[in-house]
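*Asks:*
Residue numbers (my numbering), protein chains in the order written: chain A, 1 to 122; chain B, 1 to 697; chain C, 1 to 156.
1. From the DSSP output, in three-state form, read off residue 15 of chain B for me.
2. If contact means a Cβ-Cβ distance below 7 Å, which residues of the stretch 47–67 of chain B contact chain A?
3. Which residue from B:95, B:55 and B:187 puts its Cα closest to that of residue 108 of chain A?
4. So, is residue 102 of chain B buried or exposed, given that buried needs 16 or more other C-beta atoms within 10 angstroms?
5. Considering just the uninterrupted stretch of the alpha helix (DSSP H) at residue 304 of chain B, what are its terminal residues?
6. Closest by CA to residue 400 of chain B, which one among B:432, B:304 and B:350?
7. Give a yes or no on whether the minimum CB-CB distance between residue 655 of chain B and chain C is below 8 Å.
8. Strictly below 7 Å CB to CB, what residues from chain B border residue 120 of chain A?
9. Taking Cβ-Cβ distances shorter than 8 Å, what residues in chain B pair up with residue 95 of chain A?
10. Looking at residue 97 of chain B and residue 64 of chain B, is the spacing between their C-beta atoms short of 8 Å?
11. Check whether the stretch 53–65 of chain C touches the stretch 101–109 of chain C, taking contact to mean three or more Cβ pairs, one atom from each stretch, closer than 8 Å.
12. Look up residue 410 of chain B in the DSSP assignment and say whether it is helix, strand or coil.
13. Closest Cβ-Cβ distance between residue 555 of chain B and chain C: below 8 Å?
14. Between the alpha carbons of residue 12 of chain C and residue 17 of chain A, how many angstroms are there, rounded?
15. In the DSSP assignment, find the alpha helix (DSSP H) that holds residue 106 of chain C and state where it starts and stops.
16. Round the Cβ separation of residue 26 of chain B and residue 49 of chain B to the nearest angstrom and send it over; I've been treating them as touching at under 8 Å.
17. Helix, strand or coil, according to DSSP, for residue 591 of chain B in the structure here?
18. Are the C-beta of residue 159 of chain B and some C-beta of chain A separated by less than 8 Å?
19. Using a beta-carbon distance below 8 Å, is residue 359 of chain B in contact with chain C?
20. Is the CB of residue 390 of chain B under 8 Å away from at least one CB in chain A?
21. For residue 68 of chain C, count neighbouring Cβ atoms within 10 angstroms of its own Cβ and tell me buried if that reaches 16, exposed if not.
22. Give me, in chain order, the residues of the same chain whose beta-carbon lies closer than 7 Å to that of residue 369 of chain B; leave out the 5 immediate sequence neighbours on both sides.
23. Which first and last residues belong to the alpha helix (DSSP H) in which residue 577 of chain B is found?
24. Just tell me which of A:33, A:5, A:56 and A:101 has its CA closest to the CA of residue 26 of chain A.
25. I'd like to know whether the C-beta of residue 316 of chain B is nearer than 8 Å to at least one C-beta of chain C.
26. Could you list the residues in the stretch 25–50 of chain A with a C-beta less than 8 Å from some C-beta on chain B, going in chain order?
27. Closest to residue 593 of chain B by CA distance: which of B:386, B:606, B:578 and B:87 is it?
28. Take the Cβ of residue 520 of chain B as the centre, count every other Cβ of all protein chains shown within 10 Å, and call the residue buried at 16 or more, exposed below.
29. Could you tell me which chain A residues have their CB closer than 7 Å to the CB of residue 7 of chain B, listed as they occur along the chain?
30. Using beta carbons (cut-off 8 Å, strictly below), is residue 22 of chain C in contact with chain B?
31. For residue 367 of chain B and residue 407 of chain B, I'd like the C-alpha separation in whole angstroms.
32. Could you tell me whether the stretch 97–112 of chain A touches the stretch 73–86 of chain A, using the rule of 3 or more Cβ pairs below 8 Å?
33. Between which two residues does the beta strand (DSSP E) containing residue 31 of chain B stretch?
34. Near residue 58 of chain A, which residues of its chain fall below 6 Å by C-beta distance, leaving aside the five closest residues on each side in sequence?
35. Which residue or residues does DSSP assign as beta-bridge partners of residue 56 of chain C?
36. Under a CB-based cut-off of 8 Å, is residue 227 of chain B close to chain A?
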C-alpha cells in the first residue's frame, strides 16, 4: 500500500516540482491549489501526510491546518508547511495552528524526502 | 531542486498570469474603496513569483520581489497607508518586475541601475515603518552543559523525551521520532509510565508518557537535535552524554512550570504586537464551505494545433451540410417533413458545435488592454502629457492568434494619439479642456465583426497641415479637391509618416501605413474619423475567424463569388429609366431618392469582358459598414447560403476587393467580396462627381 | 509517403527532383507535403502572372505558383499532365506547378555548388545552389523562402 501525500500550493510550478520529487520517491501524490480545494479532496485523498504553502487565495495554509485539525479525523496526519520564510513567528503560528514541521523553499528534493521520512517514521 | 528545465517554461507562463493579477489588482487599488482582498491578491502574486524564482535560482528577481513583497505586506497588514506616491512606486515596481522576468526568461541580465533605484525607494519605505522589529531567530536552549557529566569520551548519548499534548496535536508521532533516532545508531529504548495517571484521573492534556533512549555509537548531539527540530517547543527534552556507566535518568519532569530545558513561550514575546492579534483572529475561523463560488473553475490546457484541427473539421462539417442540403433539393426531397426536420436538427447541432469551438479559441482582449496601460504610462512619461486610459469592453473575445498580433498596431496607435493627438497641458488649459487627456480604448462585437476603437479627446487632425505635407511629398496633386474625410485617409499613405516632426516617442518612426498593413494582414480594416478641436478616433474592424457568413452567390464571367448578405440592400433588374450617366462611362443608379454609382464587378476584378452594358445582368444595391452605398453589376445571382470563411492570408496575402475565400459544396473555391473596400476605392474624382451630382439633382 | 529521412543521414539530404521548361530542379524533401496532379485553379484578381490561382486542398485554400513564369521562363498552360508540388515553409503552404517529378534522390551536402555569377540571371535569386549528378543532369535547388512573397499585401 503506497503512502499518500496531499500537496497544496497555489503555484502550478511549485505543485509540479513537488509532485515530481514525491513521485520519484514512490509516494502517491494528490494536489490542490488552495486551502478550500485541499479540504475538499481530503476524503478522497485520505493522505498519510499533508504539505501546504502558506499564502494562497480563498483559504491560506493556516486556515487549512486549523480546519484539518478541527475535523478530528486527521489528528495523526503530519502536516508540513512549505514556506519561503524561516522566521520564528511564522513557525510559532504554524505550530499553534497544528502544523507538524516546516520546509523552507527553495528545497533540495533529498531534503524534502528526508523530512517526510522522518516525520512519517520511515 | 533537480532537473528544472522542463518546469522553467511552466514557471514563466505562471509568471504571465501572476503579472496579470498584479496589474489588475494595482489598478483596483487606485480606486477609492478598494477591497482588502485585492491587496492580499497583489501580495500573493508577488510572493508566488518570488517563490518560483527562488526555485530556479533567479536571484535578482528573488531579491527584488522580496523587497516589493515586504512593502506590499506593510500595506496589507495596515502598517502603512496607501498614497499616490506609493501607488506610483508600485506601478514602477510592477514594470520593473516585468522586465526582470522578461530578461530572466531570455537568460540575460537586467538593468541593475534601474533596479537599484527602485530598491532604494522600497527600502526607504521599509525603514520608516518602525513596527517591523527584528526577527529574532531562536536557538533552542535544550542543551544544558552544566548538567552534563565531566567531559569523558562519550560512549553514548542519553536522550529523554516527554512529549506534551501539543506534540500529539500537531501530528508528530513519538514512534516516528524513535525510528529517526534508531537510524543514528543502535538504541535502547525504555518507556516510563510512572507519570501516567490512573484512568479515573486521566487528563488528555497531560499524557504522562516519557521515553528514555540510549544511543550507542559515534553520534553527535547536533544529529539528535535535528531529529527533534520540529518538536523542541512541545516536549521536554534532555540530552546528555554518558561515559559508559549507566546513569540514573534525571527525575521525571512534568511540572506545570517548565524547566529551562523546555523551549519556553518566548516566541510570543518576540513578535510585534500586531502579530498577537492575528492568531486570535484566525483561530475561530469557521470551516469555509467547499462550495465557495469564487473558487476558480477547473481548466485544462490544450495544444493549439488540436484546436486548429477541430476548427477545420467543423468547417468541413458546415460545408458538407450545405452540400447535403443541395443534393436533397436537387433530388426533390426537400419537402418531406422528416427530411426537413432531420436537416434542421443537423444544422442546429453543427451551429452549436461551431460556436463552442470558436469559444475555445476565443480569448478576451483583456490581456492586450492591460498591456496598453503600461504603454500609455510610458508614453505619458516620455511626452510629459498627463493622460489616462479608459478601457471599455475588455471582455470582448477575439481569436487567440489575433490577440498577439494586435499588440503592435494598438501600441502604435496609442503612442500616436498621445504624441500627435493630444495637445500639451498648456494648450489644453487655454482651450478650457481638462488637463488630463483621455484616451478611450473600446472593443465590441458588431454584426459579425470585432470593432476596436482608439479615440482621444485631443485637437483632431490638423487637416491643413496634413494636406500641406501630402502636397510637399507629392502624394497628391497640388490643388486637388479633397474633402475632410479624404484628407484624413492621407495619413495612411506610405511615405506620410511625419518624420520631420521630432517625436518624443521616436525611435521607431512608425507611420500609420504600417498599422494599416498589420491590420489588413489580420483580414481587418482600419478607418479614421476626426473632429477639429474634439479629437480623433481610429476604428479597427476585424473578422471573426471560422466565421460562417451568410452570403449571396453571384456569377462574374466564369467565376463564382460570394457577397456578404449584410451588405446587400436589394437586387434589381435595371431599366433605362433608373440609369443615368455622367462623364465617360460612369453610370449612376437612381435608388431611394439618391444617385449611387454603379460598379461593374467584372471590371473591378479584371474578369473579361468588361464592356457589358449596365442593362444586362443584375444590379445589387449595397450599403457598406461606413454607410456608403453603391450598386454592383453582376452577371447573375445563384442563391443565398451559409459559407465558411477561409483565410487567404496564410498562403497568399491580401487581394484587393476580396476579404477571404470559401469552399463551396462541390469543392470549388469562391472568393468573398469585400464591399467596403471596393466602394472606397472609387477614385476621388468620381467621388467628387457623385457629390456634385447628388447636391444638384 | 514523403517522410523526411534526411535527418538520419549526416551531411546528406533528400530532395525531390522535378522538371520544368526542359530544365531540372529539386527541392528539399522536408519541405514537400505532397504531390498532386493539376486541377483547375480559381483565379485571383489582379494577381501577378506567375500566380495561377488557388485550389482547395482538403479544406485549405492554397495558392498555386507557376514556377516557370516565376523563374522567367514564361507562363505555362497547365493540363492534367502537369503536377503541383505542395510545399510548406514557415507555416505557409504553396503549390508549385511543374511538368513532372523525376525522382527522389539523396544528395551529399558537399556536392552543392553555388550558382555561377552570370549577369542578369533571373533565376539566381530563387536558387540556392546547383548539383551535378552522375548522369550529367544539373539540378538547381529551389530556395522556397525566396519564392514565397513575405507578406503579399497590396496597398489600397
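The C-beta atom is built at its ideal place from N, Cα and C for all residues, glycine as well. Keep in mind the model is a prediction, meaning the values are calculated, not measured.
*Replies:* On the basis of the data shown:
1. In the second chain, counting from the first residue as 1, residue 15 of chain B sits at position 15. In the structure shown, residue 15 of chain B sits in a helix (DSSP, three-state: H, G or I).
2. 47, 48, 50, 51, 52, 54 and 55
3. By one-based count along the first chain, residue 108 of chain A stands at place 108. The residue with the shortest Cα to Cα distance from residue 108 of chain A is B:55.
4. Looking up residue 102 of chain B in the second chain gives position 102. Residue 102 of chain B comes out exposed.
5. As a working mapping, residue 304 of chain B is identified with position 304 in the second chain. Element bounds for residue 304 of chain B: 304–330.
6. One-based indexing of the second chain puts residue 400 of chain B at position 400. The residue from B:432, B:304 and B:350 with its alpha-carbon nearest to that of residue 400 of chain B is B:304.
7. In the second chain, residue 655 of chain B corresponds to position 655, counting from 1. It does; some Cβ of chain C falls within 8 Å.
8. On the first chain, residue 120 of chain A is found 120 positions in, with the first residue counted as 1. Those are 176, listed as they occur along chain B.
9. Here residue 95 of chain A refers to the residue found at position 95 of the first chain. Per Cβ cutoff of 8 Å: 166, 170, 233 and 234.
10. For the purposes of this step, residue 64 of chain B is taken as the residue at position 64 of the second chain. For the purposes of this step, residue 97 of chain B is taken as the residue at position 97 of the second chain. Contact flag set, yes.
11. no
12. Within the second chain, the letter at position 410 stands for residue 410 of chain B. Here residue 410 of chain B sits in helix by DSSP.
13. The residue given as residue 555 of chain B occupies position 555 in the second chain. It does not: the Cβ of residue 555 of chain B has no partner Cβ on chain C nearer than 8 Å.
14. Translated into positions along the third chain, residue 12 of chain C becomes position 12. Translated into positions along the first chain, residue 17 of chain A becomes position 17. Each residue's Cα considered, the two are about 41 Å apart.
15. Position 106 of the third chain, counted from the start, is the residue given in the question as residue 106 of chain C. Here residue 106 of chain C belongs to no alpha helix (DSSP H); instead the beta strand (DSSP E) covers 100–108.
16. Taking the first residue of the second chain as 1, we reach residue 26 of chain B at position 26. Taking the first residue of the second chain as 1, we reach residue 49 of chain B at position 49. Not really, about 14 Å apart at Cβ, beyond 8 Å.
17. Within the second chain, numbered from 1, the residue matching residue 591 of chain B stands at position 591. Under the three-state reduction of DSSP, residue 591 of chain B is assigned to strand.
18. Here residue 159 of chain B refers to the residue found at position 159 when the second chain is read from its first residue. Closer than 8 Å: no.
19. Along the second chain, one-based indexing puts residue 359 of chain B at 359. Not an interface residue.
20. One-based indexing of the second chain puts residue 390 of chain B at position 390. No, residue 390 of chain B does not count as interfacial toward chain A.
21. Looking up residue 68 of chain C in the third chain gives position 68. Its Cβ being crowded by 16 or more others within 10 Å, residue 68 of chain C is buried.
22. Position 369 of the second chain holds residue 369 of chain B. Excluding residues within five positions, the ones whose Cβ falls inside 7 Å are 391, 394 and 441.
23. Residue mapping note: residue 577 of chain B aligns to position 577 of the second chain, counting from 1. Run containing residue 577 of chain B: none; DSSP gives neither H nor E here.
24. Within the first chain, the letter at position 26 stands for residue 26 of chain A. Measuring from the Cα of residue 26 of chain A, the nearest candidate turns out to be A:5.
25. Locating residue 316 of chain B in the second chain gives position 316, counting from the first residue. Judged by the 8 Å Cβ criterion, residue 316 of chain B is in contact with chain C.
26. 33, 34, 35, 36, 37, 39 and 40
27. One-based indexing of the second chain puts residue 593 of chain B at position 593. That would be B:578, whose Cα lies nearest to the Cα of residue 593 of chain B.
28. Translated into the one-based positions of the second chain, residue 520 of chain B becomes position 520. Looking at its Cβ environment, which holds 16 or more other Cβ atoms inside 10 Å, residue 520 of chain B is buried.
29. For this step, residue 7 of chain B is matched to residue 7 along the second chain. Within 7 Å Cβ-Cβ: 13, 16 and 17.
30. Counting from 1 along the third chain, the entry for residue 22 of chain C is found at position 22. No, its Cβ sits nowhere closer than 8 Å to a Cβ of chain B.
31. Taking the second chain and counting its residues from 1, the one referred to as residue 367 of chain B is at position 367. Taking the second chain and counting its residues from 1, the one referred to as residue 407 of chain B is at position 407. Distance from the CA of residue 367 of chain B to the CA of residue 407 of chain B, rounded to the nearest whole angstrom, comes to 9 Å.
32. yes
33. Here residue 31 of chain B refers to the residue found at position 31 when the second chain is read from its first residue. Element bounds for residue 31 of chain B: n/a, residue is neither H nor E.
34. For the purposes of this step, residue 58 of chain A is identified with residue 58 of the first chain, where counting begins at 1. 34 and 36.
35. Sequence index remark: in the third chain, residue 56 of chain C carries index 56 (1-based). Its beta-bridge partners are C:61.
36. Locating residue 227 of chain B in the second chain gives position 227, where the first residue counts as 1. For residue 227 of chain B, the answer is yes, since a Cβ of chain A falls inside 8 Å of its Cβ.
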